[in-house]
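First the structure, in the form of structure tokens, and then the observations on it.
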Amino acid sequence: AVQDPSVEAAELERTFIAIKPDGVQRGLISEIISRFERKGYKLVAVKLVVPTKEFAMQHYDDLKGRPFFNGLCDFLSSGPVLAMVWEGQGVIKYGRKLIGATAPQNSEPGTIRGDLAISVGRNIIHGSDGPETAVAEIALWFKPEELLSYSKVTDKWLYE
Ligand code: IDP
Ligand code: MG
Numbered sequence: 077a078v079q080d081p082s083v084e085a086a087e088l089e090r091t092f093i094a095i096k097p098d099g100v101q102r103g104l105i106s107e108i109i110s111r112f113e114r115k116g117y118k119l120v121a122v123k124l125v126v127p128t129k130e131f132a133m134q135h136y137d138d139l140k141g142r143p144f145f146n147g148l149c150d151f152l153s154s155g156p157v158l159a160m161v162w163e164g165q166g167v168i169k170y171g172r173k174l175i176g177a178t179a180p181q182n183s184e185p186g187t188i189r190g191d192l193a194i195s196v197g198r199n200i201i202h203g204s205d206g207p208e209t210a211v212a213e214i215a216l217w218f219k220p221e222e223l224l225s226y227s228k229v230t231d232k233w234l235y236e
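Counting from 77, one number per residue, gives the positions in the sequence shown under full-length UniProt numbering.
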């Protein structure tokens with residue numbers, strides 16, 4: 077795939093987004109993807125995987141020691157997860173806004189968790205919380221060759 081050289085580096089920011097087993101089981105894949113897609117972000121990698129418990133523990137390594145850590149890792153590895161990488165200007169921070177607060181009781185209406193989830197342990201979606209985490213999580217979940225760089229005809233209508 078060829079990257080359009082006119083695309084600014086800022087627009088190439090990438091974040092790791094995953095629909096957790098509850099979101100997949102509840103049939104929310106298309107609903108969630110459409111929110112990122114309609115915003116204007118570009119899907120550059122996607123796969124459906126059942127992570128092992130060990131992999132889930134690696135993904136949530138920063139939370140080890142928390143009382144919910146074991147249950148959280150059991151849950152993430154309990155069924156298919158839709159792992160994705162989304163690209164666009166400001167996608168890491170704004171992606172977290174689209175997702176909403178960690179506890180759905182605190183998530184604003186209009187956010188993914190606010191509209192679609194009730195409890196913190198079943199909050200249907202994961203998103204990287206910062207630039208370093210995004211790089212690490214993308215590298216954990218995807219091989220470099222699974223990430224595509226491509227231009228879309230809409231790029232020039234999304235960025236001035
Ligand atoms: P985040 O997903 O909004 O980044 P984190 O604090 O990184 O939130 O926690 C990771 C995941 O762990 C949350 O999405 C949630 O599913 C789960 N979690 C966080 N806090 C609790 C809790 O107090 N009880 C149960 N599960 C929790
Ligand atoms: Mg987090």
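Every residue, glycine too, gets a C-beta built ideally from N, C-alpha and C.
Compare the Cα-Cα distances from residue i to each of the options and report the closest residue.
| i | options | result |
| --- | --- | --- |
| A193 | P207, I175, G203 | I175 |
| I93 | E184, Y226, R172 | R172 |
| S227 | Y117, T91, R102 | Y117 |
| E130 | R114, G147, P220, R111 | G147 |
| A230 | R114, I108, T91 | Per the sequence presented here, residue 230 reads as Thr, with Ala not at that position. Minimum Cα distance to T230 is reached at R114. |
| E107 | S183, E221, I188 | I188 |
Residue j and residue i - do their beta-carbons sit closer together than 7 Å?
| i | j | result |
| --- | --- | --- |
| I214 | I95 | no |
| F145 | L139 | yes |
| A177 | C149 | no |
To the nearest angstrom, how far is the alpha carbon of residue i from that of residue j?
| i | j | result |
| --- | --- | --- |
| V196 | W233 | 37 Å |
| G186 | L104 | 15 Å |
| F218 | T128 | 15 Å |
| S204 | S154 | 21 Å |
For residue i, write down the residues that DSSP places opposite it in a beta bridge.
| i | result |
| --- | --- |
| K96 | In DSSP, K96 forms no bridge with anything. |
| I201 | I95 |
| K123 | A159 |
Below 8 Å on the Cβ atoms is my contact criterion, and I expect residue i with residue j to pass it. Report the Cβ-Cβ distance as a whole number of Å.
| i | j | result |
| --- | --- | --- |
| E163 | V120 | 5 Å |
| M160 | V122 | 5 Å |
| V100 | P180 | Not a contact, Cβ separation roughly 17 Å. |
| I168 | P143 | About 28 Å separates the two Cβ atoms, so there is no contact after all. |
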